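In this note's numbering, the protein residues as written are 12 to 337.
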């Protein structure tokens, strides 16, 4: 069993790390009774920490927002992670965060033990960061989106697309993804009835936000980084196509991650790909060495037909030459 002072520090650390804990959960974590937990909560309150309690079976304890930030309790690895993260944030990506990150890092380094300060300084000194050219995003925009995703509240915003046209969107927000200097919102577009990826720097929120929603199952097996990567890469292609392959999906596991392979049944799967040239796409699909059907677009099917006729003529000429002895 932890001594009282150590237990209070551990309790405070748990309250900082989780939105809400029930009394039995804290009791199990700290190895004490729920009565002791209540007494420790009162001690934290007497020290100025705003610990709120909700009565009832579904109730629990949570650390509220106070007039001043309470001291954070970090172990060695957490302290290094925060310091390194602040050092990276100083390189940009979020509007106005560079100077703030430097100030926060300076304060943190003052209280780091010398052994940890040497680790952080070595990593920051011998790591080269190339600043991105992507447009920055205001911190309030990111926190607003994150809070809406956490609270399951719809977002309404004006969105400017690649073509410069602006549309009004009603979206269920789920994840923020940071990719190569840009921030992306993954959400379910209610108006279009499908999942969409939005560049955060191109949206302007409308107030108030929409109603609460029931969370849906995430697309792409929940791997939002891979899902956004595929979506962004596909958006840059001049042509996009969907092809039915007469082969099981696991046979295509060697394909690049930006190509989306979706199982249909045990013998077939869908392949979604893109490219700058339809003829090149047709030839590439042929290299897969499986039977296939072009589902979309019709122009790709026409190119495949022309190629098949050309190959048939080539094979027929070779056969005729062999028979005649030429």
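Ideal Cβ placement from N, Cα and C applies to all residues, glycine included.
Computed from a predicted structure; not experimentally measured.
Close-in-space but distant-in-sequence residues of the same chain around residue i (CB under 7 Å, 5 per side omitted)
i           : result
residue 38  : 44, 45, 48
residue 310 : 289
residue 342 : Absent from the model: residue 342. The displayed extent of the chain is 12 to 337, so no value can be given.
residue 91  : 127, 130, 131
residue 30  : 73
residue 303 : 254, 255, 256, 257, 296
residue 266 : 272
residue 155 : 216
As assigned by DSSP and simplified to three states, the class of residue i
i           : result
residue 335 : Its pLDDT being 43, under 50, residue 335 is placed unreliably by the model, and the measurement read from it follows with that caveat. Here residue 335 sits in helix by DSSP.
residue 270 : coil
residue 64  : strand
residue 51  : helix
residue 304 : strand
residue 78  : Only weak support is given to the placement of residue 78: the predicted model assigns it a pLDDT of 44, under 50, and the value that follows is read from those uncertain coordinates. Reduced to three states, the DSSP call for residue 78 is coil.
residue 254 : strand
residue 177 : strand
residue 338 : Look at the range of the chain in this structure, 12 to 337, and you will see that residue 338 is not part of it.
residue 320 : helix
residue 206 : strand
residue 164 : strand
residue 216 : strand
residue 222 : coil
residue 281 : strand
residue 182 : strand
residue 151 : helix
residue 275 : coil
residue 200 : strand
residue 71  : strand
residue 131 : helix
residue 169 : strand
residue 286 : strand
residue 238 : helix
Cβ pair residue i, residue j closer than 7 Å
i           : j           : result
residue 284 : residue 270 : yes
residue 22  : residue 51  : yes
residue 62  : residue 56  : yes
residue 258 : residue 301 : yes
residue 184 : residue 159 : yes
residue 293 : residue 316 : no
residue 287 : residue 241 : no
residue 171 : residue 213 : yes
residue 71  : residue 16  : no
residue 95  : residue 134 : yes
Neighbourhood of residue i by C-beta, 6 Å cutoff - its chain only, sequence neighbours within 5 removed
i           : result
residue 26  : 74
residue 206 : 199, 230
residue 97  : 112, 115, 116
residue 201 : 181
Cβ neighbours of residue i in the same chain (closer than 8 Å, five flanking residues each side left out)
i           : result
residue 151 : none
residue 277 : 259
residue 153 : 105, 187, 194, 211
residue 338 : In the structure as shown, the chain starts at 12 and stops at 337, and residue 338 therefore has no counterpart that could be examined.
Counting Cβ pairs, one atom from each stretch, are 3 or more of them under 8 Å apart for the stretch 215-228 and the stretch 165-183?
yes
Does the pairing of the stretch 205-218 with the stretch 253-262 give three or more beta-carbon distances under 8 Å?
No: fewer than three Cβ pairs fall under 8 Å.
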